[in-house]
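S.K.: The opening residue of the sequence shown carries number 837 in my numbering; numbering runs sequentially from there.
Pasting a structure below so you can have a look.
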Amino acid sequence: MKELLAKYPVHVYETGPDGRINMYSLFDFMQDAASDHAVILGYGRDDLLKKNHFWVLSRMYAEISELPLWKDIVIVRTWPSGTDKMFAMRNYDLYTSEGKHVAAASSSWLIIDRTTKRIHRPDEVLMNYNNEQPATASSLRGAVKLQGSDINGSLSPAFRVSVNDLDVNLHTNNVNYLKWINNTYNLNFIMEHHPSTIEINYLAESIFGEKIIIRTSGDEGNDGCFNHSVIRLNDNKELCRARICWAGNSAPQN
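What follows is the structure, given as structure tokens:
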């Protein structure tokens, strides 16, 4: 199976105050579909653990035309899109059940050795997906290395990594970094805008109890775009970088 179609209803607890799905919940859908498809293809978590390896999401880029509403059905179409040096690539197209295209995304993954923490080059099977792209796939660039926010950017209040932030490996789930960033925006802005592009780089892990701040700066020359750095306070380590551009939000429908 070269691609997977997965359906996700938008639950009320996945929506924000504007009645639309939270951007991080949309990323949850893509992560879930990617995980299920990796299992089908023989590259799931348990398959990699047999080799003492695990997947790490390194970069992701998404273009969003509209955030679906509560009760919408989101169809995630995903497929492995080959390799780029040490990265295994995966792409996504997202639709409503009525066939409206709402988003497209690309992601870059690394295979890491659990003991040495070294990166392993993708094998020949993953490389061969370079030549097996779906004919109707969206044309989308891959995620790139981002610059961090300006050193003089605004700082969020400090907070600690909580139990609810953790994944099965006892590290912060990658989607929660986006949730933290979303919480730095004020309510009026969220009510009036939706993200048109989201790009994120994951740089290091965080664990339970660590103290975190988020530094934000405007993107010079690009109104409506913001750069974010998620920083661990005890060593000033930058854990994650994100760049989000926003567009005006249409009124929600009841």
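We put the CB at the ideal spot given by N, CA and C, even for glycine.
Here the structure is a predicted model, which is why all the values come from computation and not from measurement.
Report the option in R977, G978, S975, I1017 whose CA atom is closest to the CA atom of P993.
M.R.: For P993, the nearest C-alpha among the options comes from I1017.
S.K.: DSSP puts N1063 in a beta bridge; with which residues?
M.R.: Bridge partners of N1063: S1053, R1079.
S.K.: For M896, write down the residues that DSSP places opposite it in a beta bridge.
M.R.: DSSP, once it has assigned bridges, lists S943, I1036 as partnering M896.
S.K.: Is A941 closer than 8 Å to M859 when the C-beta atoms are compared?
M.R.: No, they are not a contact pair.
S.K.: Check whether the Cβ atoms of N927 and W945 sit closer than 8 Å, and answer yes or no.
M.R.: No, the Cβ-Cβ distance between N927 and W945 is not below 8 Å.
S.K.: Comparing C-alpha positions only, which one of D882, I1026, C1061, A924 sits nearest to D854?
M.R.: Per the Cα distances, I1026.
S.K.: Should the region 1031-1048 be regarded as contacting the region 986-1003, the criterion being three or more beta carbon pairs within less than 8 Å?
M.R.: The answer is yes - the region 986-1003 touches the region 1031-1048, with three or more Cβ pairs under 8 Å.
S.K.: Just the C-alpha distance for K886 and D864, rounded to the nearest angstrom, thanks.
M.R.: So the two alpha carbons sit approximately 26 Å from each other.
S.K.: Figure out for me which residue from C1061, K838, T1020, E902 has the closest Cα to the Cα of L991.
M.R.: Nearest of C1061, K838, T1020, E902 to L991, Cα basis: T1020.
S.K.: Tell me whether Q1089 is buried or exposed, calling it buried when 16 or more other Cβ atoms sit within 10 Å of its Cβ.
M.R.: Here Q1089 scores only 49 on pLDDT, less than 50, and its place in the model should not be relied on; the value that follows carries that caveat. Classification for Q1089: exposed.
S.K.: Is the number of C-beta pairs between the region 900-914 and the region 837-846 that are closer than 8 Å three or more?
M.R.: A contact exists between the region 900-914 and the region 837-846.
S.K.: Do you know how far the Cα of K981 is from the Cα of D1059?
M.R.: For D1059 and K981, the distance between alpha carbons rounds to 21 Å.
S.K.: In angstroms with no decimal places, state the Cα-to-Cα distance between A1078 and A1040.
M.R.: Computed Cα separation, rounded: 13 Å.
S.K.: Which of the three DSSP states, helix, strand or coil, is assigned to N927?
M.R.: The answer is strand: DSSP assigns N927 an E or B state.
S.K.: So the beta strand (DSSP E) W906 belongs to, where does it begin and stop?
M.R.: Taken as a continuous stretch (DSSP letters only), W906 belongs to no beta strand (DSSP E), as it is neither H nor E.
S.K.: What is the residue span of the alpha helix (DSSP H) that A994 lies within?
M.R.: Counting along the chain, A994 falls outside any alpha helix (DSSP H), and DSSP gives it neither H nor E.
S.K.: What does the Cβ neighbour count give for G852, buried or exposed, with the cut at 16 atoms within 10 Å?
M.R.: It is buried - the Cβ of G852 has at least 16 other Cβ atoms within 10 Å.
S.K.: If we count the other Cβ atoms within 10 Å of its Cβ and call it buried at 16 or more, is D1001 buried or exposed?
M.R.: Answer is buried; the Cβ neighbour count reaches 16.
S.K.: Nearest-angstrom Cα distance between R895 and N1010?
M.R.: The straight-line gap from Cα to Cα measures roughly 10 Å.
S.K.: Kindly identify the DSSP beta-bridge partner or partners of F890.
M.R.: Partner(s): I948.
S.K.: Starting from the N-terminal side, write out each stretch of the beta strand (DSSP E) that is 3 residues or longer and does not extend beyond the region 842-882.
M.R.: List check, beta strand (DSSP E) in window: nothing returned.
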